[in-house]
Amino acid sequence: MPPDLSSEGHRIDALLRVSLGLTAALAAFFLLSLAWLVYRARKRASDAAPSSSAPSAYAFGLGLAVLVFGLIDLALAAGSRRAAVGPPPPDALRVEVLAQQWAWRFRYAGPDDRFGTADDVTTLNDLRLPVGRAVSMQVRSLDTSHGFFIPMLRARADTYPGRTARTWFRTAREGRGELACTVLCGDAHYQMRGEVAVLSNEQYAQWMNGLMEDQRRAAAAAPGSAPAWGWSWLP
Amino acid sequence: MHPADRRTALLTLLLACAGASLGALLSLLIRWQLAFPGRPLPLLGALLYPDHHGAVAASSYPALFTLHGTVMIYFAVTPALSALGLVRLPPMVGLHRPAHPFLHRAALALYALGFSLLLLGLLSPFGAPAFGWTASAPLSTARSPGAGATLWLLAVACSGLGALLGSFDILSTLVVARKVAWSRLPLSAYGHLFASALNALFLPILLGALALLFSDRHLGTAHFTHPLRQGGDPLVYQHLFWIFGHPEVYILILPVWGALSDSLARAVDRPPALARAVVAAMAAVTLLSSLVYGHHLLTAGLSPLLVEGFMALTLLISLPSTAFVASWVATLHGASLRPDAAASYSLAAVAIFVLGGLTGVPLALVSTDRYLHDSAFVVGHFHLVMAATVLLGLLAMSQDALPRLGIRAPSFAVSRAHAWATALGALGVFLPMLRLGLGGAPRRLYDPSLYRYLSPLLSWQRAATAAAALLVTAQLLWLLAWWRGRR
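Those sequence lines, one after another, are chains A and B.
Note that my numbering has the first sequence beginning at 39, numbered continuously upward.
Note that my numbering has the second sequence beginning at 636, numbered continuously upward.
Okay, here's the thing in structure tokens:
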């Protein structure tokens, strides 16, 4: 798996390891048993009389297998609930994402912490986040369905036109990653790629200030040229 | 066997073989592009992509996997099961002919019409449809202009209607015309019974969803379009499609499960162990199959309660599945095995099915699906079950079906080699896909090498592609087995 830059992703990774380990162990046990049974049955065909246990023994075996599998299912379902992240904390950094054929647009609320105001900061295919911070994202689509997926942050949100998808995570380590679209969205689906960076707080502030300065200058040169998308953050 | 039924079955099987061959060829094109992005295709490149120096064009890549999925499901496995049911079922229930043979004839006509419409779509101005075999709206409506996409809708509707008619024939043969007591029916018959019941219940939902898509494309409606603008909702299409789409998995595998049990039992010359538990498990799976579809939508933003409910139901399906495995193990336990070709295919299918079924567990869990959803892991999982297990199961079924059609039994030695080459080839293709998915590789990407984090995984793509070439080549052994058998 790609390196995990989030603080909650290890829970998903651990559950994945446990479920894959169980899967591998059960598969290995079954395949070895099958090979042994076939080997014995082939041998018996040439030199021994067939035998079989009472039907009740097989029924008991089946009951036992169902019980074991039921317990495994219960444990894994409980593990999945434990690994779930719950609702985002109120102090999370909020980012709006607009997906469209074939790009990702990001909107930060700016110094006033409100969306839809003149100080909003927008980027294209470039998501940068401060380290050690909860990040809450709302994702909408302009045209068809898209799949917002940042493997390095174990974050995913499939978005359908007219609906708002949500995801959140907490950044734990600095590093770079990529954003991919995982829902087929047309011919250039594969090019719907974004850069993701988790920066130190200083680097992030510097980048954000630079962006705000650029946007102020662009607005002064051509008033009304700010990208006209975004929505009031949904509670 | 009645000559008319024989002709219907033979032609339907031939159509299924044509579909499977086209599907296999498409899979090789997909595999080549994933392993060697942008490099010219050997042999076929200059013919298929003269404007792209023989390399697969980005704009045609989605059409490749759309057609691959469509032909494999609707025009290979579906007609093959229909034909094998027509051949194998009547003798099981003490009849010479099914109750309404004309329904199978009509089904054949519909499969052939559908397949022709699909191929006709390739010649239309905008070419083949490129929205995946699930045809998710609104990609498949306003954003897929051209006759090719409409012909795809009609083609799938033809296959669905054909399968529906075939299932009516099987249901009436089994329920009404049957001359053998329920308790004496082989498990294969139960497999066909439950699969046909699912067909009869859920194909109408697919046909309805396709009708609404058609209406959105051509009659100006907006059932699956932006809710804020026109009142529809794309998510409704997802529900409609997967209410059919998930039972479809069981429609394809239930007859295979039954056939595997029967052919293993025949090879050890005793009845299948735990047969009553297997029938009960088939009934339970049939019931659950329609209740678990929501696991295809675990990441679609449904309410957490609904999502956890679908997770619980999905995990629950592992319990009846245990009964099949227990039955196979108990049937072999203490037995003396005189393997025939059907048993070789069945043993290979059983091994791969267990592996494939178990890989569904991490996908059923809401938390791990958050990482694995729509990844290559999903593709590996369902191909192990629906491609490898079903193919081996169909081959096992064909061992007694084809001789009834007048084709002499195949060579056992070559069939056994074919069974193991197919099983190993399938593992070689689909296990690397599991690894790719764990590495975070999304499915359906034309060029994964554009992503830095996927570059180290290229060798797994190449391994899968090499195995795919072997898997397809190994199918020549099947022809060889029948040819050797004829002599």
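We treat Cβ as the ideally placed atom computed from N, Cα and C, and that holds for glycine.
As the structure is a prediction and not an experimental result, all values here were calculated from the model.
Using beta carbons (cut-off 7 Å, strictly below), is residue i in contact with chain A?
i: residue 1082 of chain B; result: yes
i: residue 980 of chain B; result: no
i: residue 949 of chain B; result: no
i: residue 997 of chain B; result: yes
i: residue 861 of chain B; result: yes
i: residue 1088 of chain B; result: yes
i: residue 891 of chain B; result: no
i: residue 756 of chain B; result: no
i: residue 855 of chain B; result: no
i: residue 969 of chain B; result: yes
i: residue 872 of chain B; result: no
i: residue 1000 of chain B; result: yes
i: residue 848 of chain B; result: no
i: residue 694 of chain B; result: yes
i: residue 1003 of chain B; result: yes
Got a sec, what are the start and stop residues for the beta strand (DSSP E) residue i sits in?
i: residue 712 of chain B; result: Looking at the DSSP string, residue 712 of chain B is not in any beta strand (DSSP E), and its letter there is neither H nor E.
i: residue 146 of chain A; result: 141 to 146
i: residue 1202 of chain B; result: Only positions 636 to 1122 of chain B appear in the structure, and residue 1202 of chain B is not among them; the question remains open.
i: residue 229 of chain A; result: No beta strand (DSSP E) holds residue 229 of chain A; DSSP gives it neither H nor E.
i: residue 801 of chain B; result: Run containing residue 801 of chain B: none in the beta strand (DSSP E); it sits in the alpha helix (DSSP H), 782 to 807.
i: residue 920 of chain B; result: Per DSSP, residue 920 of chain B belongs to no beta strand (DSSP E); it is in the alpha helix (DSSP H), 910 to 924.
i: residue 206 of chain A; result: 203 to 208
i: residue 961 of chain B; result: Residue 961 of chain B -> not in any beta strand (DSSP E); alpha helix (DSSP H) instead, spanning 953 to 967.
i: residue 135 of chain A; result: 131 to 138
i: residue 1154 of chain B; result: With chain B covering only 636 through 1122, there is no way to say anything about residue 1154 of chain B.
i: residue 261 of chain A; result: Where residue 261 of chain A is concerned, there is no enclosing beta strand (DSSP E), given that its DSSP letter is neither H nor E.
i: residue 736 of chain B; result: Note, residue 736 of chain B: premise wrong, no beta strand (DSSP E); alpha helix (DSSP H) at 736 to 757.
Kindly indicate the opening and closing residues of the alpha helix (DSSP H) around residue i.
i: residue 856 of chain B; result: No alpha helix (DSSP H) holds residue 856 of chain B; DSSP gives it neither H nor E.
i: residue 111 of chain A; result: 93 to 121
i: residue 708 of chain B; result: Residue 708 of chain B -> no alpha helix (DSSP H), and no H or E assigned at all.
i: residue 987 of chain B; result: 976 to 993
i: residue 176 of chain A; result: Residue 176 of chain A -> not in any alpha helix (DSSP H); beta strand (DSSP E) instead, spanning 172 to 179.
i: residue 1014 of chain B; result: 1011 to 1017
i: residue 652 of chain B; result: 638 to 670
i: residue 194 of chain A; result: Unbroken run through residue 194 of chain A is the beta strand (DSSP E), 193 to 197; no alpha helix (DSSP H).
i: residue 1007 of chain B; result: 1001 to 1007
i: residue 1035 of chain B; result: 1025 to 1039
i: residue 1107 of chain B; result: 1093 to 1109
i: residue 217 of chain A; result: Looking at the DSSP string, residue 217 of chain A is not in any alpha helix (DSSP H); the run it does join, the beta strand (DSSP E), is 213 to 219.
Using a Cβ-Cβ distance under 7 Å, would residue i count as near chain B?
i: residue 270 of chain A; result: no
i: residue 40 of chain A; result: yes
i: residue 126 of chain A; result: no
i: residue 82 of chain A; result: yes
i: residue 188 of chain A; result: no
i: residue 104 of chain A; result: yes
Just confirm the distance between the C-beta atoms of residue i and residue j, as a whole number of angstroms; I'd bet it's less than 8 Å.
i: residue 232 of chain A; j: residue 217 of chain A; result: 4 Å
i: residue 705 of chain B; j: residue 776 of chain B; result: Between residue 776 of chain B and residue 705 of chain B the Cβ distance is about 17 Å, and since that is not below 8 Å, they are no contact.
i: residue 161 of chain A; j: residue 144 of chain A; result: 5 Å
i: residue 206 of chain A; j: residue 126 of chain A; result: 4 Å
i: residue 898 of chain B; j: residue 981 of chain B; result: 5 Å
i: residue 909 of chain B; j: residue 958 of chain B; result: 7 Å
i: residue 189 of chain A; j: residue 1088 of chain B; result: 6 Å
With a threshold of 6 Å, establish whether the CB of residue i neighbours any heavy atom of the ligand FAD.
i: residue 986 of chain B; result: The ligand FAD is not among the ligands present in this structure, which contains no ligands whatsoever.
At a cut of 8 Å, does the stretch 958 to 975 of chain B reach the stretch 886 to 904 of chain B through at least three beta carbon pairs?
yes
Is there contact here, the stretch 652 to 661 of chain B with the stretch 722 to 732 of chain B, by at least three beta-carbon pairs under 8 Å?
no
Report the residues of the stretch 773 to 784 of chain B with a CB closer than 7 Å to any CB of chain A, ordered along the chain.
773, 774, 778
Using a Cβ-Cβ cut-off of less than 9 Å, give me the residues of the stretch 211 to 227 of chain A that come near chain B, in sequence order.
214, 215, 216, 218, 219, 220, 221, 222, 223, 224, 225, 226, 227
Taking beta-carbon pairs under 9 Å, can you tell me which members of the stretch 130 to 152 of chain A lie near chain B?
139
Could you name the residues of the stretch 928 to 954 of chain B whose beta carbon sits closer than 9 Å to any beta carbon of chain A, in the order they occur along the chain?
932, 934, 935, 936, 939, 943, 946, 947, 950, 951, 953, 954
Taking one C-beta from the stretch 1028 to 1042 of chain B and one from the stretch 1065 to 1076 of chain B each time, how about it: are there three or more such pairs within less than 8 Å?
no
Looking at C-beta atoms only, is the number of pairs between the stretch 919 to 937 of chain B and the stretch 730 to 750 of chain B that lie closer than 8 Å three or more?
no
Could you say if the stretch 660 to 668 of chain B and the stretch 755 to 765 of chain B meet the contact criterion of at least three C-beta pairs nearer than 8 Å?
no
How about the stretch 678 to 687 of chain B and the stretch 712 to 723 of chain B: do they share at least three Cβ pairs that are nearer than 8 Å?
no
How about the stretch 87 to 98 of chain A and the stretch 131 to 140 of chain A: do they share at least three Cβ pairs that are nearer than 8 Å?
no
Taking contact to mean 3 or more Cβ pairs, one atom from each stretch, closer than 8 Å, check whether the stretch 782 to 794 of chain B and the stretch 696 to 713 of chain B are in contact.
yes
Counting Cβ pairs, one atom from each stretch, are 3 or more of them under 8 Å apart for the stretch 865 to 885 of chain B and the stretch 688 to 705 of chain B?
no
Quick check: the stretch 165 to 183 of chain A against the stretch 209 to 226 of chain A, are at least 3 beta-carbon pairs closer than 8 Å?
yes
Is there contact between the stretch 254 to 268 of chain A and the stretch 1075 to 1086 of chain B, where contact requires at least three CB pairs shorter than 8 Å?
no
The stretch 1011 to 1027 of chain B touching the stretch 989 to 1002 of chain B, judged by at least three CB pairs closer than 8 Å:
yes
Given 8 Å as the limit, is there contact between the stretch 1005 to 1016 of chain B and the stretch 1035 to 1051 of chain B, that is, 3 or more CB pairs closer than that?
no
For the stretch 155 to 189 of chain A, list every residue whose C-beta sits within 8 Å of some C-beta in chain B, in sequence order.
181, 182, 183, 185, 187, 189
Touching by the beta-carbon criterion (3+ pairs, under 8 Å), the stretch 196 to 216 of chain A and the stretch 151 to 161 of chain A:
no
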